[in-house]
Amino acid sequence: MNAPTLEENDAGLILAAEECPSDKFEGYHSFSQFDDVIIRKLSAHGPVLLRGGRGSGKSALLIESHRRMRATGSAFSIYMSLRYLPLLQSDGSEYIGHFCSLLSKAIADELAVQGQSVEFDFAEDEVALQMSLAKLARALDKRIVILFDDAAHIGREKPLEVFFDLFRTLSSNATSCKASIYPGVTKFGIRFDVFNDSTVIDISRSDVSGGDHYFSDVIRTRYPKLAHREIFSDRLTPDAFASLLGRAVVGNMRAFILACNRFGDETRISIPEVNTCLLNMAEDYYWPLMEEVAPKLGVYEPLVAPATSMFEAIVDHLCRPVRQTSQGSRTIAQDRVTIHRNFVSQFSKIFEILEYLGFTAKREASRGMKSGGRGPVYAINLCSLLDQVPTKRLTIEMIDEWIEGKPDLAEIHSSAATFSSVLVPALAPDNKLGILGKDVEVLAKSKAYPYGLTEDKIARLKAAGINTVLELAETPDARLLQIDMVGPATVKRMRDVMVQAIWM
Amino acid sequence: MSEGKGLGLGKLVCGRAAESCTANRTLDHLCSSIDRFANKAVEYLNGEFSEEAQIFGAFCARVTLENACAALVGRFDPFRMLYLAEFQAQGGFEYGKPSKSGFNWAGDVLADEKTTRDLWSSDHDLAKISRALFSAHVDHVYWKPAVEAALDYLAEHRGGESLHELQAMDPETFTSSTKGKCAALYSRLSKGVHWDFFVSTVVMDEGTLKDSIRECFIQVGNLGFVSHFVPTAYRSLDRTDALVAYDDFRKAFK
Numbered sequence: 018m019n020a021p022t023l024e025e026n027d028a029g030l031i032l033a034a035e036e037c038p039s040d041k042f043e044g045y046h047s048f049s050q051f052d053d054v055i056i057r058k059l060s061a062h063g064p065v066l067l068r069g070g071r072g073s074g075k076s077a078l079l080i081e082s083h084r085r086m087r088a089t090g091s092a093f094s095i096y097m098s099l100r101y102l103p104l105l106q107s108d109g110s111e112y113i114g115h116f117c118s119l120l121s122k123a124i125a126d127e128l129a130v131q132g133q134s135v136e137f138d139f140a141e142d143e144v145a146l147q148m149s150l151a152k153l154a155r156a157l158d159k160r161i162v163i164l165f166d167d168a169a170h171i172g173r174e175k176p177l178e179v180f181f182d183l184f185r186t187l188s189s190n191a192t193s194c195k196a197s198i199y200p201g202v203t204k205f206g207i208r209f210d211v212f213n214d215s216t217v218i219d220i221s222r223s224d225v226s227g228g229d230h231y232f233s234d235v236i237r238t239r240y241p242k243l244a245h246r247e248i249f250s251d252r253l254t255p256d257a258f259a260s261l262l263g264r265a266v267v268g269n270m271r272a273f274i275l276a277c278n279r280f281g282d283e284t285r286i287s288i289p290e291v292n293t294c295l296l297n298m299a300e301d302y303y304w305p306l307m308e309e310v311a312p313k314l315g316v317y318e319p320l321v322a323p324a325t326s327m328f329e330a331i332v333d334h335l336c337r338p339v340r341q342t343s344q345g346s347r348t349i350a351q352d353r354v355t356i357h358r359n360f361v362s363q364f365s366k367i368f369e370i371l372e373y374l375g376f377t378a379k380r381e382a383s384r385g386m387k388s389g390g391r392g393p394v395y396a397i398n399l400c401s402l403l404d405q406v407p408t409k410r411l412t413i414e415m416i417d418e419w420i421e422g423k424p425d426l427a428e429i430h431s432s433a434a435t436f437s438s439v440l441v442p443a444l445a446p447d448n449k450l451g452i453l454g455k456d457v458e459v460l461a462k463s464k465a466y467p468y469g470l471t472e473d474k475i476a477r478l479k480a481a482g483i484n485t486v487l488e489l490a491e492t493p494d495a496r497l498l499q500i501d502m503v504g505p506a507t508v509k510r511m512r513d514v515m516v517q518a519i520w521m
Numbered sequence: 003m004s005e006g007k008g009l010g011l012g013k014l015v016c017g018r019a020a021e022s023c024t025a026n027r028t029l030d031h032l033c034s035s036i037d038r039f040a041n042k043a044v045e046y047l048n049g050e051f052s053e054e055a056q057i058f059g060a061f062c063a064r065v066t067l068e069n070a071c072a073a074l075v076g077r078f079d080p081f082r083m084l085y086l087a088e089f090q091a092q093g094g095f096e097y098g099k100p101s102k103s104g105f106n107w108a109g110d111v112l113a114d115e116k117t118t119r120d121l122w123s124s125d126h127d128l129a130k131i132s133r134a135l136f137s138a139h140v141d142h143v144y145w146k147p148a149v150e151a152a153l154d155y156l157a158e159h160r161g162g163e164s165l166h167e168l169q170a171m172d173p174e175t176f177t178s179s180t181k182g183k184c185a186a187l188y189s190r191l192s193k194g195v196h197w198d199f200f201v202s203t204v205v206m207d208e209g210t211l212k213d214s215i216r217e218c219f220i221q222v223g224n225l226g227f228v229s230h231f232v233p234t235a236y237r238s239l240d241r242t243d244a245l246v247a248y249d250d251f252r253k254a255f256k
């Protein structure tokens with residue numbers, strides 16, 4: 018969970034835990050009992066993969082595990098973000114070389130931070146790294162836990178096989194590796210068996226039924242004003258508000274924070290205000306997200322268009338019974354749908370992209386369908402759903418039903434024509450990331466990049482011969498500072514928007 | 003868990019029957035062992051970390067895991083259980099001597115089989131078809147349909163938070179995933195049982211021990227619940243009772 022504001026940063030809001038200054042981390046994050054179980058797993062012996070969509074809270078959990086291990090001294094832990102451009106652009110031994118030097122440096126830095134007098138032998142390959150780690154564990158008389166953040170991205174699979182090979186090689190009795198990965202990461206290489214070589218933990222918070230107070234707790238901690246009964250109308254309680262927002266964004270913490278921020282200036286919150294928030298989120302958060310992420314998906318970039326049509330088809334399927342009121346079928350759109358597994362397998366990567374972006378969340382792995390066959394159950398974000406309901410009006414009945422999670426679900430059965438218009442293009446074999454070759458104009462202030470660059474700054478970059486995102490990434494700060502009217506604050510802004518553009 | 007009541011894991015895994023016979027006596031015995039060790043393990047999981055927990059925690063979890071798997075083997079394949087019960091009652095069973103036909107994790111729980119795509123080839127030799135708890139054939143005839151039936155039942159009977167782990171089960175991957183987790187757990191816990199730590203860095207600390215006990219409970223609880231949806235399994239509980247037993251068990255720890 019992240020801060021509502023961060024005054025020093027002109028970007029106004031930090032959305033990724035890994036970008037949060039360490040001295041502010043504690044103040045901006047809190048963890049539930051369910052989180053504590055995950056944090057314990059991340060601190061224990063054994064390899065773990067932490068899987069969750071963009072903004073689901075993976076980094077916060079990794080960082081908190083690291084903080085707790087550092088505080089208790091139970092193990093020597095290293096938190097390491099793999100957001101490093103050369104790793105994205107390399108494979109094989111070149112990747113291993115970058116990886117080993119990055120990790121060696123991270124370990125040396127952590128030893129220095131902890132004031133340990135032990136030296137770490139800098140390693141350039143995995144064998145040397147294994148030996149250095151074993152030696153370090155003996156010297157410290159502690160086991161080692163390495164937390165790899167941003168390890169595996171959808172659409173950036175090429176170096177993944179090498180990464181999981183390294184992950185397996187480095188795991189031992191004295192060294193436990195943990196890594197955050199995204200749904201849709203499926204290429205683990207031939208040496209890595211995901212069931213036997215790791216424990217996979219899925220972060221899922223989309224279910225707010227059953228009296229779960231997770232989101233109420235988040236609001237109480239981070240937005241105390243929004244936890245007061247007096248601010249809400251008679252029909253809306255603070256708990257219902259928190260659960261509705263949590264369910265609306267299918268449990269995605271980043272989207273939840275963005276939604277809560279919209280109520281910062283409200284003195285009175287009733288259903289129409291929440292209604293406006295959800296509709297605005299559909300318009301200025303969800304759809305721009307597709308646009309923002311498309312060029313980051315590498316080989317899967319062409320799947321963004323079919324993912325958009327598929328999601329529209331699902332929402333249309335859920336809203337159709339409400340539109341056809343003459344048949345008297347439903348007055349409230351169903352918010353979850355069982356989709357026949359044939360479709361899920363046929364369009365697997367598209368479903369993974371939707372889940373990864375937080376448009377949907379997988380609620381159940383397999384449910385029997387009335388029409389025959391089985392399929393997973395997906396919860397759909399309520400913002401996009403409400404946007405397609407004919408009246409676009411949120412009612413108390415909708416809120417009750419969506420929070421409660423009625424047992425009867427919509428179904429898309431195997432012979433349905435729902436996805437007949439979805440065309441999946443052939444994917445190119447190369448793995449180039451579109452975003453790196455894009456013109457720096459893509460970083461301009463927009464719905465996708467609300468804290469983007471001004472036209473003036475973009476013109477200055479171009480005048481200095483920096484035309485693409487990759488060129489900007491490869492230009493050192495010192496050279497950027499030589500550009501007229503570009504000071505440290507502007508360089509920071511350029512770096513922030515560039516990081517948002519390249520990474521998830 | 004209400005005080006004095008216990009976790010109820012024995013009943014969830016072993017089911018229940020009233021008749022007095024060898025099979026029931028054996029399963030009642032396993033049920034009582036599971037309860038004794040699991041009730042102790044949950045104290046270690048929920049309580050403050052202590053020296054006693056560090057010394058005995060892994061042992062209690064390991065016995066829970068092994069006895070639960072043995073009970074499930076017995077409920078799916080009563081011949082195997084009756085054979086073991088008879089064998090141990092006979093004079094041939096000696097404490098000081100390994101027994102070739104005794105209960106064995108690698109063989110009775112994990113299958114000693116090569117992965118094959120074609121389960122139903124006419125070339126397969128019957129003697130080589132494994133009836134181990136997690137074998138490919140047992141997955142096909144028992145676990146997969148049972149997981150589907152269990153999920154269908156859950157879909158009809160709404161549950162609260164305690165059912166998340168069950169709802170996440172996928173019939174297609176349930177056995178391979180559970181097998182992988184149980185195998186890793188067995189190995190991890192065995193280090194705590196045999197205490198084969200030659201350096202202090204690898205001794206189980208609080209996080210590792212509690213995580214292992216919890217993981218053991220989750221796996222055994224899921225297997226126990228699903229087992230009542232195998233129509234030919236011995237001593238299955240009524241589905242409603244199985245859900246109540248699971249729910250009580252699952253609410254006893256976070």
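Respectively, the protein sequence lines represent chains A and B. First residue of the first sequence? That's 18 in the working numbering, and the numbers climb one at a time after it. First residue of the second sequence? That's 3 in the working numbering, and the numbers climb one at a time after it. Even for Gly, the Cβ is constructed at its ideal location relative to N, Cα and C. It should be emphasised that the depicted structure is a prediction, and the values quoted were computed from it without experimental measurement.
Does E25 (chain A) come out as helix, strand or coil in the three-state DSSP assignment? Low confidence applies here, because E25 (chain A) scores a pLDDT of 33, under 50, leaving its location unreliable; read the following figure in that light. Coil at E25 (chain A), not helix or strand.
Considering just the uninterrupted stretch of the alpha helix (DSSP H) at A55 (chain B), what are its terminal residues? 53-78
For a quick check, are the C-beta atoms of I124 (chain A) and I95 (chain A) less than 8 Å apart? yes
Which residues of chain B have a Cβ atom closer than 8 Å to the Cβ of T216 (chain A), listed in chain order? K183, A186, E217
Residues of its chain near A28 (chain A), where Cβ-Cβ distance is below 6 Å and the 5 sequence neighbours each way are ignored: Summary for A28 (chain A): the model assigns pLDDT 33, below 50, so the residue's position carries little reliability; its value from the coordinates is reported in the next sentence. Y468, D513, listed in sequence order.
Going by DSSP in three states, T175 (chain B) sits in which element: helix, strand or coil? coil
C-beta contact flag for L374 (chain A) and G132 (chain A) at 8 Å: no
Per-residue DSSP class, three states only, for M502 (chain A): coil
Give me, in chain order, the residues of the same chain whose beta-carbon lies closer than 7 Å to that of A19 (chain B); leave out the 5 immediate sequence neighbours on both sides. Exclusion of the five residues before and after A19 (chain B) leaves N26, R237 as the residues of its chain whose Cβ lies within less than 7 Å of its Cβ.
Delimiting residues of the beta strand (DSSP E) encompassing T192 (chain A): 192-198
Output, in sequence order along the chain, the residues in the region 59-79 of chain B whose CB is closer than 9 Å to any CB in chain A. From the region 59-79 of chain B, no residue has a Cβ closer than 9 Å to chain A.
Three-way DSSP call (helix, strand, coil) for P38 (chain A) in this model: Looking at P38 (chain A) - three-state DSSP - the assignment turns out to be coil, as it is neither helix nor strand.
By Cβ distance below 8 Å, which residues in the same chain neighbour K146 (chain B) in space, the five residues on each side in sequence not counted? P173, E174, F176, T177
Return the first residue and the last residue of the beta strand (DSSP E) that K379 (chain A) is part of. Per DSSP, the continuous beta strand (DSSP E) segment holding K379 (chain A) begins and ends at 377-385.
Within 10 angstroms of its Cβ, does T216 (chain A) collect 16 or more other Cβ (buried), or is it exposed? buried
Count the other CB atoms within 10 Å of the CB of P442 (chain A); is the residue buried (16 or more) or exposed (fewer)? exposed
When you compare only the Cα positions, how much space is there between G309 (chain A) and F364 (chain A)? For clarity, residue 309 (chain A) is Glu in the given sequence; the question names Gly instead. Straight-line Cα distance between these residues: approximately 22 Å.
Count the other CB atoms within 10 Å of the CB of C10 (chain A); is the residue buried (16 or more) or exposed (fewer)? Nothing can be reported for residue 10 (chain A), as the shown portion of chain A is limited to 18 through 521.
For S105 (chain B), the nearest candidate out of B:A134, B:E115, B:G93 (CA to CA): The displayed chain sequence assigns Phe, not Ser, to residue 105 (chain B). Here the closest residue by C-alpha is B:A134.
Could you give the DSSP three-state label for M18 (chain A): helix, strand or coil? The predicted model places M18 (chain A) with a pLDDT of 41, which falls under 50 and marks its position as unreliable; any figure quoted below should be read in that light. Three-state DSSP puts M18 (chain A) in coil, outside helix and strand.
Report all residues from its chain with a CB closer than 6 Å to the CB of P103 (chain A); omit the five preceding and five following residues, and keep chain order. Residues H115 of the same chain have their beta carbon placed closer than 6 Å to that of P103 (chain A), with the five preceding and five following residues left out of the count.
Can you tell which of B:V246, B:F81, B:D37, B:D79 has its C-alpha closest to the C-alpha of L67 (chain B)? The shortest C-alpha separation from L67 (chain B) is found at B:D37.
Continuous alpha helix (DSSP H) stretch holding L335 (chain A): start and end: 321-340
Cβ-based contacts, 7 Å cut-off: residues of the region 413-435 of chain A near chain C: Given the protein chain composition of this structure (A and B), no chain C is represented.
Per-residue contacts from S91 (chain A) into chain B (C-beta, under 7 Å): D207, G209
Could you list the residues in the region 146-163 of chain A with a C-beta less than 9 Å from some C-beta on chain B, going in chain order? A154, R155, L157, D158, K159, R160, I161
Name the chain A residues whose beta carbon is nearer than 7 Å to that of P173 (chain B)? S383
Got a sec? Which residues, its chain only, sit under 8 Å from G17 (chain B) by beta carbon, not counting five neighbours each side? By the criterion of a C-beta distance shorter than 8 Å, G17 (chain B) is surrounded in its chain by L29, R77, S229, H230, A235, Y236, R237, S238, L239, once the five residues flanking it on both sides are discounted.
What are the residues of the region 331-363 of chain A that lie near chain B, defined by any Cβ-Cβ distance shorter than 8 Å? none
Any beta carbon from chain B within less than 8 Å of G390 (chain A)'s own beta carbon? Not one chain B Cβ lies under 8 Å of G390 (chain A).
I need the straight-line Cα distance from A247 (chain B) to L11 (chain B), nearest angstrom please. Looking at the backbone, the Cα of A247 (chain B) and that of L11 (chain B) are separated by about 8 Å.
What first and last residue would you give for the alpha helix (DSSP H) that runs through E428 (chain A)? No alpha helix (DSSP H) contains E428 (chain A), which is instead part of the beta strand (DSSP E) from 427-429.
Residue from A:G385, A:D494, A:I236 with nearest C-alpha to E158 (chain B): A:G385
Compute the beta-carbon to beta-carbon distance between N41 (chain B) and F255 (chain B), rounded to the nearest angstrom, for a pair I have assumed lies under 8 Å. Actually they are not in contact, since the Cβ atoms of N41 (chain B) and F255 (chain B) sit about 12 Å apart, beyond 8 Å.
Rounding to the nearest angstrom, what Cα-Cα distance links F93 (chain A) and H166 (chain B) in this structure? Taking the straight line from one Cα to the other gives about 33 Å.
Indicate whether at least one CB of chain B lies closer than 8 Å to the CB of V54 (chain A). yes
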